[in-house]
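Chains as they are written, first to last, in the numbering used here: chain U, 909 to 1089; chain F, -12 to 182. Heads up, the thing below is written out as structure tokens.
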């Protein structure tokens, strides 16, 4: 039992600490550990977990960790796998930002803050483009433009919470788009 | 008073946890809304920094940000509460839904929901990109903002260099940027003085 717990911790720790660019980037690494290395699941099983993980909202890496951990060693297994996924990188972020905040007034830190903005802007533009393509691929350009146009209007001209906008989009997708796809 | 902060953390993080589709990156605009606009845990500049450094570190993005925002408002316990609120609902859902896995996977309703929300996220990400670009434009000045924007685009998109590396290099240069600009300016001024 102890060894299983350790393997769960180690497998998910390695997969996530090597995955750059957020949860989605870690998926192939998780698959490597789960399917090829520890044989906790077959490729088909992992594919199913990934499919249901994508059908549910929320961060993908933690959902996979919770499910595989549970599958291998019950609720405690789910806890260990999720812990190994989140805690190391979250701790690193907290420590780094604490260091940065300590030297907030230094021109060096100010320069770093300034310099990082264009990179974030470009990363966001690329991510936007990716989501635009995903959307046109699945529902076509016209549906995308209409939904996007309404969303833009709602977000810039009204005080509606973005969460409500997403819930409305869910409803539209469930009621209307489900018949056209 | 203390409880109210936790309340905000839990509500904000549950909301971002269950409404983000397509993994961590898609949920960033929602987290930004809760953290900057709704609950004012951090300023917009600080959010940009947190996002940048979170991107430069390995591991899932959204949970890292949830942890830091919780830590910032309420210390270590805040970080734990924040992360749990963000991931527990969907983590439990995937375990409990094991039985109905295939039904959900084949469901047209679910497929429709995912598809509709992508267009919304597209707009949210676009607005965020615009705001960060404006911030760079104002903070660095037009020339530097355009120059660094182009360098970032070329390295990320055309050369396919990993975002973590690009951010690390920009951060590294950032340490010297203000100093260099200063030196260049004063040199320019003294040159003018001489002539």
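For glycine and all other residues, C-beta sits at the position ideal for the given N, C-alpha and C.
- At a C-beta separation below 7 Å, residue 1033 (chain U) has these neighbours in chain F: 116.
- The segment 60 to 145 of chain F contains, as complete alpha helix (DSSP H) runs of 4+ residues, the segments 88 to 93, 95 to 127, 129 to 140 (chain order).
- Proximity of the segment -10 to 1 of chain F to the segment 982 to 997 of chain U falls short of the contact definition, fewer than three beta-carbon pairs being nearer than 8 Å.
- Residue 42 (chain F) sits in a helix when the DSSP states are folded into three classes.
- One thing to note: residue 912 (chain U) has its Cβ within 8 Å of the Cβ of residue 980 (chain U).
- Using beta-carbon distances, residue 936 (chain U) does not count as an interface residue toward chain F, since no partner is under 8 Å.
- Under the criterion of beta carbons closer than 8 Å, residue 1036 (chain U) and residue 109 (chain F) qualify as touching, at roughly 6 Å.
- Just so you know, the alpha carbons of residue 6 (chain F) and residue 919 (chain U) end up roughly 28 Å apart.
- At a cut-off of 8 Å between beta-carbon atoms, residue 1067 (chain U) makes no contact with chain F.
- The closest CA to that of residue 149 (chain F), considering only U:1074, U:1027, U:1047, U:1076, is found on U:1027.
- Comparing alpha carbon positions, the residue from U:934, U:1004, U:969 closest to residue 8 (chain F) is U:969.
- At a beta-carbon threshold of 9 Å, the residues of chain U lying near residue 161 (chain F) are 1016, 1017, 1018, 1019, 1020, 1021, 1022, 1023, 1024, ordered along the chain.
- Contact of residue 993 (chain U) with chain F is assigned, a C-beta pair being separated by under 8 Å.
- At a beta-carbon threshold of 8 Å, none of the residues of chain F lie near residue 943 (chain U); the nearest stands roughly 17 Å away.
- Under the criterion of beta carbons closer than 8 Å, residue 112 (chain F) and residue 16 (chain F) qualify as touching, at roughly 6 Å.
- In terms of Cβ geometry, residue 1022 (chain U) and residue 143 (chain F) do not form a close pair [threshold 8 Å].
- Between residue 68 (chain F) and residue -4 (chain F), the C-beta spacing is below 8 Å.
- Within chain U, not a single residue places a beta-carbon under 8 Å from that of residue 170 (chain F); the smallest gap is close to 12 Å.
- By the criterion of a C-beta distance shorter than 8 Å, residue 37 (chain F) is surrounded in its chain by 29, 52, 55, 56, once the five residues flanking it on both sides are discounted.
- Between residue 941 (chain U) and residue 923 (chain U), the CB-CB gap stays under 8 Å.
- Sequence-distant partners of residue 14 (chain F) (beyond 5 residues in either direction) whose C-beta falls short of 6 Å from its own C-beta, in its chain, are 3, 7, 49.
- Using a CB distance cut-off of 8 Å, residue 74 (chain F) counts as an interface residue toward chain U.
- Counting only the Cα atoms, residue 1055 (chain U) lies some 10 Å from residue 1049 (chain U).
- Think of a sphere of 7 Å around the beta carbon of residue 50 (chain F): the chain U residues whose beta carbon falls inside it are 967, 970, 994, 998, in chain order.
- Interface annotation, residue 8 (chain F): in contact with chain U, CB-CB separation under 8 Å.
- The Cβ atoms of residue 42 (chain F) and residue 151 (chain F) lie closer than 8 Å to each other.
- Taking a beta-carbon distance threshold of 8 Å, residue -2 (chain F) does not count as an interface residue toward chain U.
- Under the DSSP assignment, residue 952 (chain U) falls in the alpha helix (DSSP H) whose first and last residues are 951 to 963.
- Assignment of residue 1012 (chain U) by DSSP, reduced to helix, strand and coil, places it in the coil class.
- Scanning its chain for C-beta atoms nearer than 6 Å, with the 5 sequence neighbours on each side dropped, one finds around residue 1043 (chain U) the residues 1052, in chain order.
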